[in-house]
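In this note's numbering, the protein residues as written are 813 to 1150.
For every residue, glycine included, the Cβ atom is placed at its ideal position computed from N, Cα and C.
First up is the structure itself, then whatever we jot down about it.
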């Protein structure tokens, strides 16, 4: 009995020593290990396009690519942007944005810029590379870049359009009548922006409807238009009577056309003035629209007046009469010789 107790004690001591050794020596008892990370995976969740700088002939487009990441770190990530003409598949512009190593699960945006001519349509392409291997790509089409206003022509001042009322943008009243009619022409300019705009110029034209001849023109300088303010610049135009005219107004800022407007003036009331259409031919006495050399005046409101030149009797027929007389003289000489 004593011998059996002694053996049991030895076994207990051996088991206790083994357990102590296992807890003190690393590696003897296996620890639970975490599963290995899955391979890196990049996804495109969004692609946006916005405009940057715009010139007269080219436009810069900003493309933003939304990327998400899962798994182990993605190394040597880059995005290649290209602008491609759809019909020819020619690459118009390209740009490479290097991202580097991507970790974590947060979405990030990678931006790139492409500059293209404003004429035409384009496919904007974004290709994601990881370690030199293409992993994702997306395309989007853009068009209508000609409608973008160049930076140098940006202005919050516009001709005021009377929606739903039918009032013309360019208005006129008759100041004097006779063979030549003086028209008081005025228009409306509204500054819809939050800042004042300075150094503007408005040029108004009286263009004869049937011939498209500019009968008279005048220019007015506008020093300043405050925020939310409307001004009514005006000028006097002198034109031949008994014709219909387009009254056209052109707004200039730093020698760049910002806005245009057109209305009609019916001085031949039996004929309607079309607003935006090609009109039929008509008998027009071109001599009534001959221009004198314009002179500049040293006032804030510069006016250039074009008047008809009269030679002999009816204007515009001096050269024709001379040709007829010369031809008649040649016939008379020939008959006398015969």
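Cross-strand partners of residue i (DSSP beta bridge)
i, result
"residue 1031", "1015"
"residue 1074", "1060"
"residue 862", "874"
"residue 881", "854"
"residue 971", "1001"
"residue 868", "DSSP lists no partner for residue 868."
"residue 982", "999"
"residue 949", "939"
"residue 1036", "1010"
"residue 908", "892"
"residue 903", "896"
"residue 1042", "1002"
"residue 1068", "1065"
"residue 1026", "1019"
"residue 954", "934"
Three-state secondary structure assigned by DSSP to residue i
i, result
"residue 918", "coil"
"residue 996", "strand"
"residue 959", "helix"
"residue 893", "strand"
"residue 1055", "coil"
"residue 989", "coil"
"residue 1047", "strand"
"residue 886", "strand"
"residue 927", "strand"
"residue 1120", "For residue 1120, the pLDDT reaches just 36, beneath the cut-off of 50, and the residue's location in the model is therefore unreliable, although a value from the coordinates is still provided. Residue 1120 falls in the coil class under three-state DSSP."
Alpha-carbon to alpha-carbon, residue j and residue i
i, j, result
"residue 922", "residue 980", "49 Å"
"residue 1007", "residue 866", "22 Å"
"residue 1158", "residue 1036", "Given that the chain is displayed from residue 813 to residue 1150, the structure contains no residue 1158 and the question cannot be resolved."
"residue 859", "residue 926", "14 Å"
"residue 1132", "residue 1024", "A caution first: residue 1132 carries a pLDDT of 42, below 50, which makes its placement in the model unreliable, though a value can still be read off. The straight-line gap from Cα to Cα measures roughly 22 Å."
"residue 995", "residue 869", "38 Å"
"residue 1110", "residue 1034", "Residue placement at residue 1110 is poorly supported in this model, since its pLDDT is 33, which falls under 50; the coordinates still yield a value, given next. Their Cα atoms are separated by approximately 15 Å."
"residue 1054", "residue 1013", "30 Å"
"residue 971", "residue 983", "12 Å"
"residue 1061", "residue 1046", "10 Å"
"residue 941", "residue 903", "19 Å"
"residue 954", "residue 888", "30 Å"
"residue 877", "residue 997", "53 Å"
"residue 882", "residue 1072", "55 Å"
"residue 910", "residue 961", "32 Å"
"residue 1026", "residue 1076", "14 Å"
"residue 959", "residue 872", "14 Å"
Integer-rounded CB distance, given that residue j should sit under 8 Å from residue i
i, j, result
"residue 967", "residue 1070", "5 Å"
"residue 965", "residue 1068", "5 Å"
"residue 1059", "residue 1074", "7 Å"
"residue 924", "residue 907", "5 Å"
"residue 886", "residue 938", "At roughly 16 Å, the Cβ-Cβ gap does not stay under 8 Å, so residue 886 and residue 938 are not in contact."
"residue 900", "residue 849", "With a Cβ gap of about 45 Å, residue 900 and residue 849 do not count as contacting."
Proximity test, residue i beta-carbon vs the ligand GTP heavy atom, cut-off 7 Å
i, result
"residue 1043", "In the structure shown, the ligand GTP is absent, as is every other ligand, since no ligand is present at all."
Residue i, buried or exposed, once every other Cβ within 10 Å from all chains shown has been counted against 16
i, result
"residue 1030", "buried"
"residue 1011", "exposed"
"residue 963", "exposed"
"residue 977", "exposed"
"residue 863", "exposed"
"residue 1021", "buried"
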